[in-house]
């Protein structure tokens, strides 16, 4: 079997290649530019959030602290009246893209590492290139897209956005697989 030590280069380059694939999809293809909508009267909504003291974090409205609270008639009335949803608030100040890009690259390398780790259990040196591509790409797809399906099911995320994200995951998986094919021992 192949060892992880033999796969250090495809692990690193696979992660970096996915970073660049992400750049192409997000900044050049731009198929995600319609994923979010502006809140009506955005300035007033933002001012109301500031006035309420909302800081960075993840919120649900109406909020229920436990499953029993969902049976409270007052909570049910607020839910029925709407709006209801979730809100993620980022820290105030300048956006820190460098940090997010670094974390993204580290996650991509982790994804390549997981694919390599599993490959060491089943693929031998000189394995058929199509088998390497299928195996690594499938793991890559699962790493980048596997848990996204819960978003529309439980969080109210858009199914259309999920379809785009799963397309991205497919591209990232194939890019990872291609790097491993090119550098397979």
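In our numbering, the protein residues as written are 1 to 185.
C-beta atoms are modelled at their ideal positions from N, C-alpha and C, and glycine is treated no differently.
Please read all numbers here as calculations on a predicted model, not as lab measurements.
Legend entry - C-beta atoms of residue 114 and residue 139 nearer than 8 Å: Your numbering for residue 114 matches position 114 in the chain shown. Your numbering for residue 139 matches position 139 in the chain shown. Cβ atoms of residue 114 and residue 139: closer than 8 Å.
Legend entry - contact_flag[the stretch 163-178, the stretch 16-24] where n(CB pairs < 8 Å) is 3 or more: yes
Inset, instruction - Per DSSP, which residues does residue 87 bridge with? Please list them. - result: Along the chain shown, read from residue 1 onward, the residue named residue 87 stands at position 87. Note: residue 87 sits in a beta bridge opposite 59.
Inset, instruction - Rank 61, 131, 17 and 2 by C-alpha distance to the C-alpha of residue 111 and give the top, closest one. - result: The residue you call residue 111 lines up with position 111 of the chain shown. The candidate whose alpha carbon is nearest that of residue 111 is 17.
Legend entry - Segments assigned beta strand (DSSP E), at least 3 residues, entirely inside the stretch 133-158: none
Inset, instruction - Pull up the distance between the alpha-carbon of residue 185 and that of residue 3, whole angstroms please. - result: Sequence index remark: in the chain shown, residue 185 carries index 185 (1-based). Sequence index remark: in the chain shown, residue 3 carries index 3 (1-based). If you take the alpha carbons of residue 185 and residue 3, they lie about 10 Å apart.
Inset, instruction - May I ask which residues mark the beginning and end of the alpha helix (DSSP H) holding residue 105? - result: Sequence index remark: in the chain shown, residue 105 carries index 105 (1-based). Residue 105 -> alpha helix (DSSP H) spans 97-122.
Legend entry - CB contact flag (residue 59, residue 86, <8 Å): For the purposes of this step, residue 59 is taken as the residue at position 59 of the chain shown. For the purposes of this step, residue 86 is taken as the residue at position 86 of the chain shown. Against a cut-off of 8 Å, the Cβ pair of residue 86 and residue 59 comes out as a contact.
Inset, instruction - Determine the contact status of residue 55 and residue 29, defining contact as a CB-CB distance below 8 Å. - result: Locating residue 55 in the chain shown gives position 55, counting from the first residue. Locating residue 29 in the chain shown gives position 29, counting from the first residue. Not in contact: residue 55 and residue 29 (Cβ atoms no closer than 8 Å).
Inset, instruction - Tell whether a beta-carbon distance below 8 Å holds between residue 137 and residue 176. - result: Taking the first residue of the chain shown as position 1, residue 137 is located at position 137. Taking the first residue of the chain shown as position 1, residue 176 is located at position 176. It is a contact, given that the beta carbons lie within the stated cut-off.
Inset, instruction - Look at the alpha carbon of residue 129 and the alpha carbon of residue 10, and state the distance between them as a whole number of angstroms. - result: As a first step, residue 129 must be located in the chain shown, where it is residue number 129. As a first step, residue 10 must be located in the chain shown, where it is residue number 10. Roughly 14 Å separates the two Cα atoms.
Legend entry - residue 75 and residue 62 closer than 8 Å at C-beta: Here the question's residue 75 lines up with position 75 in the chain shown. Here the question's residue 62 lines up with position 62 in the chain shown. Yes; because the gap between Cβ atoms is below 8 Å, this pair is in contact.
Inset, instruction - Under 8 Å by Cβ, that's how I've got residue 178 and residue 133 pegged, so tell me the actual separation to the nearest angstrom. - result: As a working mapping, residue 178 is identified with position 178 in the chain shown. As a working mapping, residue 133 is identified with position 133 in the chain shown. Rounded, the Cβ-Cβ distance is 7 Å, consistent with contact.
Inset, instruction - Report yes if the CB atom of residue 183 is closer than 8 Å to the CB atom of residue 13, and no otherwise. - result: Translated into the one-based positions of the chain shown, residue 183 becomes position 183. Translated into the one-based positions of the chain shown, residue 13 becomes position 13. For residue 183 and residue 13, yes; Cβs fall inside 8 Å.
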